[in-house]
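Numbering-wise, full-length UniProt numbering puts 230 at position 230 of the sequence shown, and it's gapless, one number per residue.
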Amino acid sequence: MNNNDLLRELCNAAKNGNVESIKRLLAQDNAGNAINLQDNNGQTPLHFVTKHRFIKITASLNFKEYWSSYDNRDKEFVDVAKLLLNAGANPNIQDNGGQTPLHLAIKWHYLPASLVIPAKDEVDIPCRSTDLIKILCKNNNIDFSLKNGDGCTAVDLALFLKSDKHDDGIAEHLQEKRLLRRKEQIKVANNSLVIIAENKEQILKLKPDSEKTDADKFLEKWRELPIKITEQILDALDDDDLGAFQQLNEERKVALGEDTIHEMI
């Protein structure tokens, strides 16, 4: 099965919450390549599992049967999300509208659904799943600075959509995860600057006659400052600037190779 065919099958299995199909498809040799590919709308299989959390009910289904079906289907979609994430699905990929899987999960989580159904009709209604949202950001791997086409981050969207009647703590949970993510980003950014400063110092020693640039002087001062001070400076950056620094640092590491800096020091 080529990558495009595998992507299509993964998306279909994800939107239907088909755990066994997902397991079978992820066993394909090229699953690692296909899992983060995007369809024409820019969506990955992880997008599909977060926006298609539906169950079909009929007017003849009583509430006990409904909630039993709701719980079972909800677990299936959560399990599919876990399988995709464990296989390397990237939760920070944005679709053509700038929406990450977390944006979509929040949108469908707060979507109002009516249970007023005509006698012979069937309707799909969204399952509200706090578990699915929490799974997406369990390992602090969500980039909370990403904004959709309306300029909203995932936290912005949750705060906007939540209501007193449906306040289950999701917005607060996301805010806590965002702060934990920031702390990690600050430590990574600070360590990266120190490594760059040490590397630059070694290069300048090899060229004693070279004139120091403003960047060289900045890095020299940065290395001399206590860690608490440098982390406070980085904490003053907003999420966008901190995210931009992290992106630049990742590009630098890719360009140099993960161990190049350490080998040069």
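Glycine residues also receive a C-beta, built at the ideal position from the N, C-alpha and C atoms.
Contact check, residue i vs residue j, beta carbons under 8 Å
| i | j | result |
| --- | --- | --- |
| C137 | L102 | yes |
| R181 | N148 | no |
| L6 | N40 | no |
| L234 | L242 | yes |
| A105 | L132 | yes |
| S129 | D74 | yes |
| K23 | V49 | no |
| E198 | R223 | yes |
| L83 | L157 | no |
| L174 | I135 | no |
| L37 | N3 | yes |
| Y110 | K183 | no |
| A89 | I142 | no |
| G32 | E76 | no |
| Q185 | Q246 | yes |
Enclosing alpha helix (DSSP H) for residue i [first to last residue]
| i | result |
| --- | --- |
| G32 | A31 to A34 |
| K107 | P101 to H109 |
Local conformation of residue i per DSSP, three classes
| i | result |
| --- | --- |
| D121 | Because D121 sits at a pLDDT of 48, beneath the cut-off of 50, its placement in the model cannot be relied upon, and the following sentence gives the value as read from the coordinates. Three-state DSSP puts D121 in coil, outside helix and strand. |
| C11 | helix |
| L136 | helix |
| I22 | helix |
| F160 | helix |
| N4 | helix |
| A27 | coil |
| A81 | helix |
| N86 | helix |
| P91 | coil |
| K177 | helix |
| Y66 | Note that Y66 scores a pLDDT of 46, beneath 50, so its modelled location is shaky; the value from the coordinates is reported in the next line. Helix. |
| T58 | Note on T58: pLDDT 49, under 50, position unreliable in the model; the coordinate value appears next. The answer is strand: DSSP assigns T58 an E or B state. |
| G17 | coil |
| F48 | helix |
| K147 | coil |
| N190 | helix |
| T130 | helix |
| D168 | coil |
| Q185 | helix |
| I195 | helix |
| D74 | helix |
Which complete alpha helix (DSSP H) runs does the region 200 to 261 hold, if anything under 4 residues is left out?
214 to 224, 227 to 235 and 239 to 256
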